[in-house]
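Residue 30 in our numbering sits at position 30 of the sequence shown, with consecutive numbering throughout.
Where is the CB? At the ideal position from N, CA and C, for every residue including glycine.
Everything on this sheet refers to the single structure shown next.
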Amino acid sequence: MGLFDRLKDGFDFADISGIIGDLQKEGNLNFDNILSNEFIKNFTDFNNKSELLSKLGIRDLSQLGEMLQNPEAKGKIDAIINKNSQFGNIEELLKKALKR
1 MGLFDRLKDG FDFADISGII GDLQKEGNLN FDNILSNEFI KNFTDFNNKS
51 ELLSKLGIRD LSQLGEMLQN PEAKGKIDAI INKNSQFGNI EELLKKALKR
């Protein structure tokens with residue numbers, strides 16, 4: 001079973017840094033595919049990826065993986081996600097996105 005299958009089946013998101021690291025090593029991490037404009041519009045206060053990226057202070061979603069491995073940056077991301085979506089943190093948002 002691949003990592004994406006494990007994630008979709010309710011894999012523990014407590015170790016998001018490890019999960020992201022594994023995905024990057026496998027070359028399977030593509031936040032553009034996971035977080036579509038439709039998903040962002042439906043589940044956050046943002047209209048599209050560009051608005052989300054601007055709020056996060058990054059240029060493209062490929063930078064998100066690196067940020068999530070930094071505890072301070074992840075805390076800022078979690079606060080933004082919590083304030084601007086129905087999710088409490090980035091893990092919840094990614095879990096929902098992976099199940100779609």
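- Item | Pairwise C-alpha distance: Ile58 and Met67 | Here residue 67 corresponds to residue number 67 of the sequence shown, with the count starting at 1. Here residue 58 corresponds to residue number 58 of the sequence shown, with the count starting at 1. Roughly 9 Å separates the two Cα atoms.
- Query: What residue does the alpha helix (DSSP H) around Gly75 start on, and which one ends it?
  - Reply: Taking the sequence shown and counting its residues from 1, one reaches residue 75 at position 75. Here the alpha helix (DSSP H) through Gly75 covers 71-84.
- Query: Mind checking Ser85: buried by the 16 CB within 10 Å criterion, or exposed?
  - Reply: Residue numbering aside, residue 85 sits at position 85 when the sequence shown is read from its first letter. Buried, by the Cβ-count rule.
- Item | Opening and closing residue of the alpha helix (DSSP H) in which Gly160 lies | With the chain represented from 1 up to 100, any question about residue 160 goes unanswered, as that position is not in the structure.
- Considering only the beta carbon of each residue, do Phe31 and Leu64 sit closer than 8 Å? Against the sequence shown, residue 31 aligns to sequence position 31. Against the sequence shown, residue 64 aligns to sequence position 64. Cβ distance < 8 Å, so Phe31 and Leu64 count as in contact.
- Query: Excluding sequence positions up to five away, which residues of its chain have a Cβ less than 6 Å from the Cβ of Asn47?
  - Reply: Residue numbering aside, residue 47 sits at position 47 when the sequence shown is read from its first letter. Only Lys41 meet the Cβ criterion.
- Message: Using a Cβ-Cβ cutoff of less than 7 Å, which residues in the same chain neighbour Ile80 once the five nearest sequence positions on both sides are dropped?
- Response: Counted from its first residue, the sequence shown places residue 80 at position 80. Answer for Ile80: Lys55, Leu56, listed in chain order.
- Message: For Asn89, count the other beta carbons within 10 Å of its own beta carbon; 16 or more makes it buried, fewer makes it exposed. Which is it?
- Response: On the sequence shown, position 89 is the one that residue 89 refers to. Its Cβ being crowded by 16 or more others within 10 Å, Asn89 is buried.
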